[in-house]
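With my numbering, the residue at position 162 of the sequence shown is 179, and numbering never jumps.
Ideal Cβ placement from N, Cα and C applies to all residues, glycine included.
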Amino acid sequence: MAEIEDVTVVGAGTMGSQIALQAAYHGYRVWLVDSDPAQLKRASDSNRRLALRSAEKGVRSPEEAEAALARIRLETDLAAGTEGADLVIEAIFEDLEAKRALWAQLGRLAREDAILATNSSTIAISRLADLVPHPGRCCNLHFFHPVTVMELCEVVKGPLTSEETVAQAVAFVHSIGRVPVVLRKEVHGFIANRILFAAAEEAFHLVEGGYATVEDVDVAVKKGLRWPMGPFELLDFSGLDVFYGALEDRARVEGGPGVPELLRQKVARGELGRKTGRGFYEYPAPA
Ligand SMILES: NC(=O)c1ccc[n+]([C@@H]2O[C@H](COP(=O)([O-])OP(=O)(O)OC[C@H]3O[C@@H](n4cnc5c(N)ncnc54)[C@H](O)[C@@H]3O)[C@@H](O)[C@H]2O)c1
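Pasting the structure below:
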């Protein structure tokens, strides 16, 4: 495997756009691929705003910000966007069939020695790697939202992932200023979200059982455990529907308690957190 110089990110949504920017900040040539040209434009506009704001804050010079933006090339054609890549990071919708269709294409289009990674939060690499030649080069690279702020990236080793791929993935994550942790065996939710799920389930238990209010659970976790946000605030921030989907997926994969009734009711009423203006708390109307 050649040294990583060219990185392709497929999917220019919330995650893919900022993964591309973070890599470009650190000198990589990046292809950002999306089947929707309007989304590429939105991603490019949003990355420009972020890069210029980081220059205003003095994190980098205006010239460095412009140089990073210039390193990102936008592309709608998957073949053109992946042919030169040393590393491909897939960040399309969280839908197994859509991902499998794309990975089958990646298996044909990407170079045989390119590392192939998915940013999926719930789909472990073994559910995709069977579609490509040399599955030892495949892994999860699970970044956190927003990528340019959140430092963690979980590297997931599937049953076929080679140690060399894990080492290269870890080195890549370090090289873009993020902090890697390695999940050595696949398990649903990986590391950080499993801890979050366990805390959130207990938080629901306390509220549904009438033991404490939403507000007091959040205060207890912030003031007693020093978490920056309480579990309910965090769910409002990430989207109640996202958490709902993840719990359902986990129940499918490994059984367990499923979705708490309080969460079910909130999602049924369309109270999805910050993005809808109401979740466990109320927020100013979304822009
Ligand atoms: N949003 C989060 O907080 C978050 C956090 C960590 C991981 N993830 C994971 O990252 C991935 C992407 O999530 P997101 O929130 O950025 O999604 P998103 O909906 O914001 O963006 C997905 C993008 O993929 C594009 N796309 C879909 N099919 C495509 C195809 N075949 N070829 C090219 N482009 C295609 C869409 O046009 C869209 O722009 C998911 O797997 C999700 O689980 C999301």
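Notebook entry, point to check: Which same chain residues, not among the five before or five after VAL276, have their C-beta less than 7 Å away from its C-beta?
Noted result: Stepping through the sequence shown from its first residue, residue 276 is reached at position 259. Hits under 7 Å: TYR261, LEU264, GLU265.
Next item on the list: Let me know the secondary structure DSSP gives ASP10 once reduced to three states.
Entry: Examination of residue 10 is not possible in this model, given that the chain is present from 18 through 304 alone.
Note to self: Can you tell me where the alpha helix (DSSP H) holding LEU148 begins and where it ends?
What the structure shows: Looking up residue 148 in the sequence shown gives position 131. LEU148 -> no alpha helix (DSSP H), and no H or E assigned at all.
Next item on the list: Give a single yes or no on whether THR306 has its beta carbon closer than 8 Å to a heavy atom of ligand 1.
Entry: The chain is shown from 18 up to 304; residue 306 falls before or after that span and cannot be answered.
Check: With distances taken from CA atoms, which of ILE109, GLY227, ALA134 is nearest GLY30?
Finding: Translated into the one-based positions of the sequence shown, residue 30 becomes position 13. Ranking the options by Cα distance to GLY30, first place goes to ILE109.
Notebook entry, point to check: When DSSP labels each residue in this structure, what does ASN136 get in the three-state scheme?
Noted result: The residue you call residue 136 lines up with position 119 of the sequence shown. Three-state DSSP puts ASN136 in coil, outside helix and strand.
Item checked: GLU114: first and last residue of the uninterrupted alpha helix (DSSP H) it sits in -> For this step, residue 114 is matched to residue 97 along the sequence shown. GLU114 -> alpha helix (DSSP H) spans 113-126.
Margin query: Quick check: PHE160 and GLN56, are their CB atoms within less than 9 Å of each other?
Written below: Here residue 160 corresponds to residue number 143 of the sequence shown, with the count starting at 1. Here residue 56 corresponds to residue number 39 of the sequence shown, with the count starting at 1. Against a cut-off of 9 Å, the Cβ pair of GLN56 and PHE160 comes out as no contact.
Next item on the list: Could you tell me if the beta carbon of SER137 falls within a distance shorter than 8 Å of some heavy atom in ligand 1?
Entry: Numbered from 1 along the sequence shown, position 120 holds the residue referred to as residue 137. Yes, the beta carbon of SER137 sits closer than 8 Å to at least one heavy atom of ligand 1.
Check: Quick one, which of VAL172, HIS162, ALA118, PRO163 has its alpha-carbon nearest LYS202's?
Finding: Counted from its first residue, the sequence shown places residue 202 at position 185. It is VAL172.
Checklist line | Pairwise C-alpha distance: TRP244 and LEU126 | finding: One-based indexing of the sequence shown puts residue 126 at position 109. One-based indexing of the sequence shown puts residue 244 at position 227. Those two C-alpha atoms are separated by around 44 Å.
Next item on the list: Determine, using beta carbons only, whether GLU107 and SER137 come nearer to each other than 9 Å.
Entry: Mapped onto the sequence shown, residue 107 falls at position 90. Mapped onto the sequence shown, residue 137 falls at position 120. Cβ distance < 9 Å, so GLU107 and SER137 count as in contact.
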